[in-house]
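*Asks:* Residue numbers (the numbering used here): 458 to 811.
Structure follows, in structure tokens:
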């Protein structure tokens, strides 16, 4: 493995800090999008390959893309930026564990000498003193070892989240309102839109489609416009197979949804301004696989009930939930839950404030 020189590490860290620290890469040019269309106005893009550096402002930089221990240099640098003292804590508690174990070894030798009696080892401490030292050193080793392990586990979990965020940013979708020809990655939605990934079986996708595109009872369905008003993009994902680990033709299932008698004026294109369909099913299946396994491990039927992943404008996961989205609650509280008015820089003109 090629070693990283100090200069290369400094350059990599500079690229990380200039590229932002959120799960989606920043959109650095172009005006804000109108509320009627939360989709990015960028041209068609090519899906990123597995060799692409995650979160990188320069995806061709081999220093950032090089992997060790299962994660890229850039992912590890970002984890260090988020937890700058973790390495120091690991060194301190790890070395303390080693010191405590060394002291325990000599304490045990002293206990053996004390047990043999002063006639054999005149310089040996009393047995009570030796056992007390053993207990102290053992306790110190256990405590420091647990603190080291806990911090290491937290770092691994953070690295896994960062890697998963990079995979999410590289997923490719086709906005329904652009005729299906355009392609864009989810990272292009950062600052422009909140993304709701709704995954489930065919019946779940059809029910989701009807909830957005058909009038219920005597009311006119205006959910699509309301979602556009709060900058929400919905990405339906059709899960297939007995284990829900395969992504099918979502667009076909969406447009062929069959309305019931209570679904009036059904038109699957009514919600096109806020709908995007997944492209490259294998990439989507790979990303959703741990989400499906987690839901199934908790006893949920992902094909029948489905689940949603809500992504904030800064690219971080807001929440995960099972079932269909609760549109009314979501629309009414999205600005507060996401915190656009309070945490997004350079949004003063759009949201108001000092």
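Ideal placement from N, C-alpha and C gives every residue a C-beta, glycine not left out.
These numbers come from a predicted model, not from an experiment.
#1: Three Cβ pairs or more, each shorter than 8 Å: is that satisfied between the region 654 to 663 and the region 684 to 698?
#2: Can you tell me which of 680, 701, 617, 700 puts its alpha carbon nearest to the alpha carbon of residue 782?
#3: For the alpha helix (DSSP H) that residue 754 lies in, which residues bound it at each end?
#4: Mind checking whether residue 616 and residue 743 have CB atoms under 7 Å apart?
#5: Closer than 8 Å is the cut-off here; do at least three beta carbon pairs connect the region 576 to 589 with the region 644 to 651?
#6: From residue 706 to residue 753, what distance separates their C-alpha atoms?
#7: So does the region 590 to 603 actually touch the region 532 to 548, counting three or more Cβ pairs closer than 8 Å?
#8: Grab the span of the beta strand (DSSP E) containing residue 728 for me, first residue to last.
#9: List, from N- to C-terminal side, the alpha helix (DSSP H) runs of 4 residues or more that fit wholly inside the region 651 to 710.
#10: Under the assumption that residue 605 contacts residue 559 (Cβ atoms under 8 Å), give the Cβ distance between them as a whole number of angstroms.
#11: Quick one, are the C-beta atoms of residue 691 and residue 731 less than 7 Å apart?
#12: Kindly indicate the opening and closing residues of the beta strand (DSSP E) around residue 779.
#13: Can you give the Cα-Cα distance for residue 624 and residue 641, rounded to whole angstroms?
#14: Taking only the alpha-carbon atoms, compute the straight-line gap between residue 599 and residue 766 and give it to the nearest angstrom.
#15: In this structure, does DSSP put residue 583 in helix, strand or coil?
*Replies:* Quick answer:
#1: yes
#2: 680
#3: 738 to 754
#4: no
#5: no
#6: 22 Å
#7: no
#8: Careful: residue 728 lies outside any beta strand (DSSP E) and carries neither H nor E.
#9: 659 to 670, 680 to 686
#10: In fact, because the Cβ distance is near 15 Å, the residues do not count as touching under 8 Å.
#11: yes
#12: 774 to 779
#13: 14 Å
#14: 39 Å
#15: coil
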